[in-house]
Amino acid sequence: MESNRAVSVGFSLSTAALLATPVLNLLFRPIIIAGSSHLLAQIEKEDYDHRRLTSIGVSAAGTPISARGT
Numbered sequence: 001m002e003s004n005r006a007v008s009v010g011f012s013l014s015t016a017a018l019l020a021t022p023v024l025n026l027l028f029r030p031i032i033i034a035g036s037s038h039l040l041a042q043i044e045k046e047d048y049d050h051r052r053l054t055s056i057g058v059s060a061a062g063t064p065i066s067a068r069g070t
């Protein structure tokens, strides 16, 4: 979550707006919990995939990374 501050702030602000509304907070609380779990899983998956690809020498675009950086 620390590496994706824009996503974290956007989700936090929308959550705060929904939970600050008296009736909507009861309806959207389970949706927010499920959404936050899904968001965290997606961010962790992207971080894992990025680390795995760079460790085997492949960029995110699928092109090989040379040892000399050229």
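Letter 21 of the sequence shown, counting from 1, is numbered 21 in the numbering used here, and no numbers are missing.
Ideal Cβ placement from N, Cα and C applies to all residues, glycine included.
Excluding the 5 residues flanking L39 on each side, which residues of the same chain have their C-beta closer than 8 Å to its C-beta? Translated into positions along the sequence shown, residue 39 becomes position 39. Same-chain partners within the cutoff: V7, F11.
Beta-carbon separation of D47 and S14 under 8 Å? Reading the sequence shown from its first residue, position 47 is the one you call residue 47. Reading the sequence shown from its first residue, position 14 is the one you call residue 14. Contact: no.
Through-space distance from T54 to L24, alpha-carbon basis: Residue numbering aside, residue 24 sits at position 24 when the sequence shown is read from its first letter. Residue numbering aside, residue 54 sits at position 54 when the sequence shown is read from its first letter. The straight-line gap from Cα to Cα measures roughly 43 Å.
If I'm right that I32 touches L18 with Cβ under 8 Å, what's the distance once you round it to whole angstroms? The residue labelled residue 32 in the question sits at position 32 within the sequence shown. The residue labelled residue 18 in the question sits at position 18 within the sequence shown. Right, the Cβ-Cβ distance comes to about 7 Å (below 8 Å), so this counts as a contact.
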